[in-house]
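Using numbering that gives the first Met the number 0, the letters of the sequence shown map in sequence onto residues 0 to 315. The beta-carbon is built from N, C-alpha and C at its ideal position, and this holds for glycine as well. All values reported here derive from a predicted model rather than from experimental measurement. Okay, structure first, notes after.
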Amino acid sequence: MTTGVAPGRSQLGTELSAIVATALAEDQAQDDVTTRWSVPNDLWSRAEIIAKQPGTVAGIAVAAEVITQVDPRIQFEPLITDGDQAGAGTVILRLEGPTRSLLSAERTALNFLQRMSGIATLTRSYVRAVGDRPVRILDTRKTAPGLRALDKYAVTAGGGHNHRLDLGAMVLLKENHLAAAGGVTAAIDAVRRGMAAENEQLEIEVEVQDLAELEEALRAGAARIMLDNFSRDDIRAAVQLRRQAAAEAVLEVSGNVTLAEVRELAATGVDLISVGALTHSAPALDLSMVLMINSEQRRNRGQGLLGQRLPQDHRP
């Protein structure tokens, strides 16, 4: 077993420690009265986090951060890595340490693992449905407030790709922007002037509602064009219009894309398919933590599982 930073932590952003600290404070992990009043303070145990249903795992590093913040003496051993498939009954993580600390960390660690693994599992389903088509499945900004870095990381663990992380990452002119600016061409021109004034250079994507707006966006030289809630026939027509215009614009489909239709959408010739459901509607993967305490451990309370007695002032 090991202690320290689990693989994948660096990909989750510098805010991981703060996210976990907030979650532990919300759960009052430092004041777990049930555990403090019912569990001997010198008892050490082993535990396993187990998948109760098949799915794609994500969030090992987040669970490790929870464990470390609750009690750095807890040892953890990941048995699979983010992005791996787990069958029902698969042991994902083994833990060893003070029993009180294990129990106080349990729910927060599972909450993160279950949510992130659920997102990864749903994403994997969309990616598999697309098959060998050269189309990328993207997430959106429809993430849980404060958990965007984790939600988007989970999408990548499932084989998907990230759209813009935040409002400063790229330009995405949506319906309301176009209305306020006076149309597709006016909005693009205004953005280009704004970028020049601020000495910035970002990719410009335009969301269009019909084929007329698509043609205007192609003429204006938009790098990416989002086909919002287009019918299947209109999506095919959009691909043909791009071909006729000899444009290099990337075409993205969006708008309540379901798993049942994603393969057919991928066959139309578009490049990207964005799916808000990946992060706003993914069901959590069912996981549980099982504590293992035997009679020998009870007889040797006050000692670690390796036979080392716990200092009195360091017991949880």
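{"query": "Secondary structure of E64, DSSP reduced to three states", "result": "helix"}
{"query": "Opening and closing residue of the beta strand (DSSP E) in which G275 lies", "result": "Per DSSP, G275 belongs to no beta strand (DSSP E) and is neither H nor E."}
{"query": "Unbroken stretches of the beta strand (DSSP E), 3 residues or longer, contained in the segment 20-64", "result": "43-50"}
{"query": "Length of the line joining the Cα atoms of E206 and G254", "result": "11 Å"}
{"query": "Backbone CA spacing between L201 and D270 [nearest angstrom]", "result": "20 Å"}
{"query": "Spatially closest choice to G145 from T155, A196, L164 and R132, by CA coordinates", "result": "L164"}
{"query": "Of the listed residues W43, L23 and E174, nearest to T98 (C-alpha basis)", "result": "W43"}
{"query": "Collapsed DSSP secondary structure at M169 in the structure displayed", "result": "coil"}
{"query": "Assigned secondary structure, V205 (DSSP; H/G/I helix, E/B strand, else coil)", "result": "strand"}
{"query": "Coil, strand or helix - R123 by DSSP", "result": "helix"}
{"query": "Presumed contact (8 Å Cβ cut-off) between V61 and F111, rounded CB distance", "result": "4 Å"}
{"query": "Bridge partners - D227, DSSP secondary structure assignment", "result": "S253"}
{"query": "Status (buried if at least 16 other CB within 10 Å, exposed otherwise) for L121", "result": "buried"}
{"query": "Exposure label - G167; buried when at least 16 CB within 10 Å", "result": "exposed"}
{"query": "Residue interval of the beta strand (DSSP E) (run including R93)", "result": "V90 to P97"}
{"query": "Inter-residue spacing [alpha-carbon to alpha-carbon] between L172 and Q29", "result": "46 Å"}
{"query": "Start and end residues, alpha helix (DSSP H) containing E76", "result": "Premise fails: E76 lies in the beta strand (DSSP E), Q74 to P77, not in any alpha helix (DSSP H)."}
{"query": "Integer-rounded CB distance, given that A87 should sit under 8 Å from A46", "result": "At roughly 19 Å, the Cβ-Cβ gap does not stay under 8 Å, so A46 and A87 are not in contact."}
{"query": "Contact under 8 Å by Cβ, D138 with G117", "result": "no"}
{"query": "Endpoints, alpha helix (DSSP H) assigned at L137", "result": "Taken as a continuous stretch (DSSP letters only), L137 belongs to no alpha helix (DSSP H), being part of the beta strand (DSSP E) at R135 to L137."}
{"query": "Boundaries (first-last residue) of the beta strand (DSSP E) holding L290", "result": "L286 to M291"}
{"query": "Integer Cβ distance of V19 from I136, believed to fall under 8 Å", "result": "Their Cβ separation, rounded to whole angstroms, is 28 Å, which puts V19 and I136 out of contact at 8 Å."}
{"query": "Short Cβ contact (8 Å threshold) for D26 with R106", "result": "yes"}
{"query": "Option nearest A244 by Cα separation, candidates L109, V252, D31 and E214", "result": "E214"}
{"query": "8 Å contact criterion, which K285 and Q52 should meet: CB distance rounded", "result": "For clarity, residue 285 is Asp in the given sequence; the question names Lys instead. D285 to Q52, Cβ: 5 Å. Contact."}
{"query": "Option nearest A222 by Cα separation, candidates V170, L210 and E263", "result": "V170"}
{"query": "Burial state of T278, where buried means 16 or more other Cβ atoms lie within 10 Å", "result": "buried"}
{"query": "CA-to-CA distance, A246 to Q239, given in whole angstroms", "result": "11 Å"}
{"query": "Simplified DSSP assignment, three categories, for Q84", "result": "strand"}
{"query": "H160 (DSSP reduced to helix, strand or coil)", "result": "strand"}
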